[in-house]
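Comments concern the structure below.
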Amino acid sequence: MVSQILRRVVNSPRILSTIITPNSSRSYRSSAIRFGSFPTNLQRRQLHRIINPSSNVTSLLSYGHHRPTFYNAQNQYLIVVGSQTRTISIISVSRFVLHALRIPAAGVTVGVGGLAYANYKLNDMASKSSDLLSSITNGIKSAVGSVEIHVPEFLANIFSSKSGPSVTSSSIQMESDRPRFIKKEDENNNSSDSSGGGTGATAAAATVGAATLFSMNEQEDEDVRNASDKSIPAQDNQFMLLTKKLIEVRNILMSIDHNEALRLPSIVVIGSQSSGKSSVLEAIVGHEFLPKGSNMVTRRPIELTLIHTPKSKEEYGEFPQLGLGKIHDFSHIQQTLRDLNLAVSESECVSNKSIELRIYSPNVPDLTLIDLPGYIQVTNKNQPETLKDKIVELCEQYIREPNIILAVCAADVDLANSEALKASRKVDPLGLRTIGVITKMDLVEPEIGSAILRNTDYPLHLGYIGVVCKPPTNRNNQKNITSALMRHEEQFFRSNYVYSQRGIQVGTGTLRRKLMEVLEESMAKSLFSIVGAVQLELEEARYQFKVQYNDRRITAESYVAETIDSIKHNFKDFAHSFGKPQVRHEVRTMLEQRVLDLCAELYWTDSKIVDLTKASADDLYWQYKLDMSSAALTKSGIGRTSTQLVVDVLMANMEKLASMEPLNNHPDTSSKVLNFSNEILRNKFHTTADQVENCVKPYKYEVECSEQEWADGVKRSIILLEKELESCDKALRHIRNTIGKKKLRAAIKYVLDAEKEEAKRVQARIKDIGEANSEASTHTIPLAALISSVNDVTEEGDVEHTRLHFNPKVLERAREAIFLRDRSMILKYRLAALKSRQCKSPESKQYCPEAFLNMVAEKLTYTAVMFIQVELLNEFFFQFPREVDNRLVYDLDRKQILTFAKENPHIRKHLELQERKRKLEEVMEKLNYLVRRQRDIEGRKGPANL
């Protein structure tokens, strides 16, 4: 019987065999005959020598570290059962018991339990043989994908019992949509009771091998299954690379613009509110990161990009639009999404401005998902009536081709009422790019759930997948919920055999694999079309860059350096143009104006000014006037006023510099320049003012004057009075031209007559009041009341008389013309006095107060400017360039530099076009690589298919 089996092995076109060396526990399959392959000549010769009765072949049963091994003791070749059948020895049983006790335990109780478990396994191994073979084939399926394994009939006979049905290839055929964790029940558990015969020995050997294999690897399989639950499913490397590269391309294209021609497909998640959309996405990611609440919390599309990082255990999220960096706390991500969604007002409720989120993790597949607001049926009182239509329009924008639609429906809701399926039917009537996800499968009966998943009522080409998405409450402090959720789903679906039938897809793991397969297929179809669109955009960008900028490349750093150099250059030009002469001019102008004000206040309005030239040298009245005016000039706070004047002039020039190129395009930087300029000047202000005050203090008590200083003072006074006279004449001419000479002359005459009449009335009234004083002793009328009544009557009569003849504005201008005329006359008089022989020497200073005050002002000017130059200007000119470097260059990071450069519209346009060209070139390089790779793969598949 064994010889016939071995001949069938040699002649069989497809066999399964394993060669294992006795000195090593490692199993290598390079020389094995696999499924779908033919035996080599060497393998045929080896099997032929084994079949030859003349050869001395001994069949030994040996145990490796992991799997039972059959081998030739002499030649150490192929493992196969010989022509003789050997029963299980006591030593083999003891070895089996020892290996069965590998599960960590302590004490005699555990040992007794192991023996009982081994005895149970020996009695039940015939029924486990079919499960063993199914487990092996399922393991191969998980490694190589969806395949059909045809088992030779002789192996099926070996692993079948005498009374049980034969295991054929059709009975162990694997379906791609069947869950790995659901095992098929064997109807007959008594195959170990087979009697003697040729098949009995074979079944016994198979029983021993299966029992050993199952017992030794039970814990190992459990560990592998737990580990696989925590990571993404095994995937094809070609598929992973294509999807990952195209997702990178999609992210780059999204950063360029939102051109529809440059869009790659994404998975759009739609469904009604409370249908379980958020739970499905969180089950895929493995973390609770989406906002939840009774109110409508998803108000903006969330473009979620999952990036698989197999070389890193770090899990974090990023918001590229916000620039928050890596966020490892997923509750922080949840709160950020909630804030961004609730930023949309209640009146608007929905916004089409998307939120971009990227999650990096070794536990997520490479996917691009878009979560949209859920469909609603009724709006509340705070929501607009058009909210339902706005949600429908927003979803229709995203579910267009080439995007994939993930229609989420609850199992406890009739699919006929599903808004998600209704929307998908509009844009995808054949269901070619729609995946149905049925959530809350634990809320319906298994028969009802299986009927929904069978895809008969509302068929979809990509089918329906049932999920529970409800992780257990006890997670053992695990941050990632994927493993706990999948174990919970496994327990639920395993407990209901109806979910293991053909054509039913269940589980989050199945959903993840399905999404990856569909997205990869859709991206592969869009590869060549996106290459053409990118090529056109790249050619246009290159053309524009050549025409507009002649291929001249710039960087944000170079522009910042150029701007800083320009600021320093402009400031240097200002420093050279604003030195001590300019400061002296500003201070002298201020003091000269102060001299004019003092002369006008103390001398020019005095009615005795006409007698000044005739007064004696010892006249105390004019000496007192001169001392008072000199004290008013020297004790008026020259240090503070002069320093403040220079600070104001400097700040005015800095404002002018900040408004020039290139700072006119950078308002924030201009504000910074003005702020630290003012800070530098404020820090030196008090020191400079005190120094100036201390230096001008001697002039408050005595002012010495030489002949030359007096002569210079007289000259400057003459020039000053001539300028003042010219200003008065100019203003008077302007009034005459505005009103007219005749009208102005009449108004002036009227004003003078009115003043005379008023003066007469006042004198007459005062006389009457004087006469009334004699009666004041007999009457109780107060004198102040009488004077007030006289003034009131006079003012009323004057106003009434004025209104009868001229406009008040004309009279006001007439009074101004009278003042200018009188001032001009006084200035001419004083000019004549300054030019006379009386003002040639300093001893006549009481006759020429203008010259004396001007000489004092000049001394104050020179003293103040000297210390302002040293204490203020030099320090400011020294500190400003260094503060420019410290405040505008060294404190900027890369992002701030780029923002600064883009504030200039011309530079922003240049940088954006340059960046667009660079990114398109990068995308084109990646796409060209993928196209070449795809063609190589298709080229290798072509000859293989032939």
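Just so you know, we're using my numbering here: the sequence shown kicks off at 18 and counts up by one. Using N, Cα and C, we set each Cβ at its ideal position, and we do this for glycine too.
- Closest in C-alpha terms to L937, from the list E265, T260 and L259, comes E265.
- In this structure, I482 sits away from V285, with a CB-CB distance that is not shorter than 8 Å.
- Here R611 is actually not in contact with L643; their C-beta atoms are around 16 Å apart, not less than 8 Å.
- Judged by DSSP secondary structure, I521 falls outside any beta strand (DSSP E); it is assigned neither H nor E.
- Spatial neighbours of R601 in its own chain (CB-CB distance under 8 Å, excluding positions within 5 residues in sequence) are listed in chain order as T878, Y879 and V882.
- When C-alpha distances from S348 are compared across N358, V361 and Y333, the shortest belongs to Y333.
- The alpha-carbon separation between F894 and A592 amounts to approximately 7 Å.
- In the three-state reduction of the DSSP assignment, D429 falls in the coil class, being assigned neither a helical nor a strand state.
- Contact annotation: V690 and A675 have beta-carbon atoms nearer than 8 Å.
- The C-beta of G391 has 16 or more other C-beta atoms within 10 Å across all chains shown, which makes the residue buried.
- Taking all protein chains shown into account, P318 has 16 or more neighbouring C-beta atoms within 10 Å of its C-beta and is therefore buried.
- Under the Cβ criterion (8 Å, minimum of three pairs), the segment 901-916 does not count as touching the segment 753-769.
- According to the DSSP assignment, G288 belongs to the beta strand (DSSP E) that extends over I284 to G288.
- Here G334 carries a strand assignment [DSSP, helix/strand/coil].
- For R904, the enclosing alpha helix (DSSP H) starts and ends at N891 to L905.
- Secondary structure remark: continuous beta strand (DSSP E) runs of at least 3 residues inside the segment 364-400, in chain order: 372-378 and 384-388.
- Nearest in C-alpha terms to P679, of all of K773, A578, L844 and Q855, is A578.
- E741 and K926 have their alpha carbons spaced roughly 55 Å apart.
- CA-to-CA, the gap between L848 and R778 works out to about 37 Å.
- The beta carbon of L889 is closer than 6 Å to those of K701 and T705 in its chain, skipping five residues each way along the sequence.
- Closest by C-alpha distance to P446, out of T686, R911 and Y475, is Y475.
- I287 sits away from A428, with the two beta carbons spaced by 8 Å or more.
- For L470 and E506, the gap between their C-alpha atoms comes out near 16 Å.
- Using a Cβ distance threshold of 8 Å, S688 and M671 do not count as a contacting pair.
- For H349, the enclosing alpha helix (DSSP H) begins and ends at F347 to L359.
- Looking only at E875, L281, F917 and K784, the smallest Cα-Cα distance to Q725 is reached by E875.
- For L323, the enclosing beta strand (DSSP E) starts and ends at I319 to H325.
- As the crow flies, the alpha-carbon of A558 is around 7 Å from that of L930.
- If one requires a minimum length of 4 residues, the alpha helix (DSSP H) runs lying completely within the segment 594-655 are 597-616 and 637-651, in chain order.
- Here T473 is exposed. Its C-beta has fewer than 16 other C-beta atoms within 10 Å.
- In this structure, L536 keeps its C-beta atom at 8 Å or more from the C-beta atom of L323.
- If you draw a straight line from the Cα of K496 to the Cα of D388, it is about 23 Å long.
- In this structure L828 is in contact with A764, their Cβ atoms being roughly 6 Å apart against a cut-off of 8 Å.
- Straight-line spacing of the CA atoms in F509 and L321 works out to 29 Å.
- Taken through DSSP and simplified to helix, strand or coil, Y846 comes out as helix.
- Excluding residues up to 5 positions away in sequence, A573, E574 and V577 lie with their Cβ nearer than 7 Å to the Cβ of I914 in the same chain.
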